Amino acid sequence: MRGRQLRRAAICLLAVVTAMPATACANGQETVERPTAARDDGHRINPDVDRQAAEKAALDAYSGYLTASRKAGQRSDPRAPELSRFLGDPLLTRVRVSIREAKEHGAMRTGTLKSDPTVTAVSLDAKPATVEIQDCLDTTGYRLVYAKDKRPVPGSGGGRHLSTATATRYPDGRWLINYGKTHRDQPC
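Pasting the structure below:
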């Protein structure tokens, strides 16, 4: 009987405390705590910090993707291990097939590309979480050439075109680029 009374008293006290506004005074100014979300493991997280971390991780993965695919293309190596560090399927397979096809035709990539990506959307509540990236990719100095004599492959000229990519957070916590497209009909 006494246990029930204590339990009721605790519930009433909890109800009163949670109904009161949470404020603190400091130098006569009121501060309100920003809401935080709870993770699956019970820890509290700040959504702004989590969003910034996701954006940074996604942009790092995108930069890694461009570097890894450029290096793999220069070596004509579709199985370059750095590709799987930054890419997930279906994009990983598309990049590997592209490098393999160029190699089979005696071609390789050479030069550099210029990139200035920006995050356009962050969906942390999605399953899996995603970050959308947009870039004006400058491929004027990045060419497909014949491996034997380094002559440019006809029709493989570069330019400045809109490029979009999606970074996805995988179950192991890594952010990988799993979708990417260059919109050749949209110069920038």
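Mind the numbering: the sequence shown is residues -24 to -1, 1 to 164 in mature numbering (1 follows the signal peptide of the UniProt record, and there is no 0), read in order.
Note that CB positions come from ideal geometry on N, CA and C, so glycine has one too.
As the structure is a prediction and not an experimental result, all values here were calculated from the model.
Let me know if residue i comes out buried or exposed under the rule of 16 or more other beta-carbons within 10 Å of its beta-carbon.
i	result
G149	exposed
T106	buried
residue 226	The structure shown has nothing for residue 226, since the chain only spans -24 to 164.
Y122	exposed
G18	Low per-residue confidence applies at G18: pLDDT is 49, beneath 50, and the placement is therefore not dependable, though the value from the model is reported in the following sentence. When all chains shown are included, G18 counts as exposed.
T144	buried
T96	exposed
K157	exposed
Please identify the residue among the options whose C-alpha is closest to the C-alpha of residue i.
i	options	result
C164	R51, G131, Y155, S139	S139
Q110	A123, A141, D125	A141
Y146	K90, G133, A102	A102
D125	R136, L59, V25, R85	R85
G135	R127, I153, G156, S91	S91
In this structure, what does DSSP give as the bridge partners for residue i?
i	result
A83	Y122
L138	C112, H159
S74	DSSP output for S74 lists no bridge partner at all.
Would you please state the rounded distance, in angstroms, between the beta carbons of residue i and residue j? I believe it to be under 8 Å.
i	j	result
G40	R55	Between R55 and G40 the Cβ distance is about 17 Å, and since that is not below 8 Å, they are no contact.
L113	L152	That belief does not hold up - the Cβ atoms of L113 and L152 are roughly 19 Å apart, past 8 Å.
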